[in-house]
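Residue numbers (this note's numbering): 49 to 163. Every residue gets a Cβ at the ideal spot worked out from N, C-alpha and C, and that includes glycine. Below is one structure, written out as structure tokens; comments come after it.
Okay, here's the thing in structure tokens:
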């Protein structure tokens, strides 16, 4: 029983830590918007729990999000589209095994930089 409880706690801790990597720059509940979206998509088996996030063409791999937050606020998100698994792997290689989410924002584009 003790071993099972430890395993469950470890799994929950890992899951929470994983989803924290997808926090937005917002405060409060809004910072969890993308994390909650990923959880829902994962439960529906559309993606796995550690997808690549592509924001306006710039890819953010799960492994790199430990060091930086996504440069994104909830109110900037215009659309989130899961990329077909095969297409994702063709574009991003094996990193896309867990899925790819394409995030389109309402930011104004100016000479390849975001304002």
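Residue(s) in a DSSP beta bridge with residue i
{"i": "residue 149", "result": "101 and 130"}
{"i": "residue 108", "result": "101"}
{"i": "residue 125", "result": "153"}
Cβ-Cβ distance between residue i and residue j below 9 Å
{"i": "residue 95", "j": "residue 148", "result": "yes"}
{"i": "residue 72", "j": "residue 131", "result": "no"}
{"i": "residue 146", "j": "residue 98", "result": "yes"}
{"i": "residue 85", "j": "residue 74", "result": "no"}
{"i": "residue 78", "j": "residue 122", "result": "yes"}
{"i": "residue 83", "j": "residue 68", "result": "yes"}
is_contact[residue i, chain C] using C-beta, thresh 9 Å
{"i": "residue 76", "result": "Looking for chain C here will not work: only one protein chain is present."}
Buried/exposed call for residue i, threshold 16 Cβ in 10 Å
{"i": "residue 136", "result": "buried"}
{"i": "residue 127", "result": "exposed"}
{"i": "residue 106", "result": "exposed"}
Run of the alpha helix (DSSP H) containing residue i, from where it starts to where it stops
{"i": "residue 142", "result": "From DSSP, residue 142 is part of no alpha helix (DSSP H); its letter is neither H nor E."}
{"i": "residue 86", "result": "81-91"}
Assumed close pair residue i, residue j - CB separation to whole angstroms, cut-off 8 Å
{"i": "residue 70", "j": "residue 100", "result": "Actually they do not touch by this definition, with Cβ atoms about 11 Å apart."}
{"i": "residue 155", "j": "residue 124", "result": "6 Å"}
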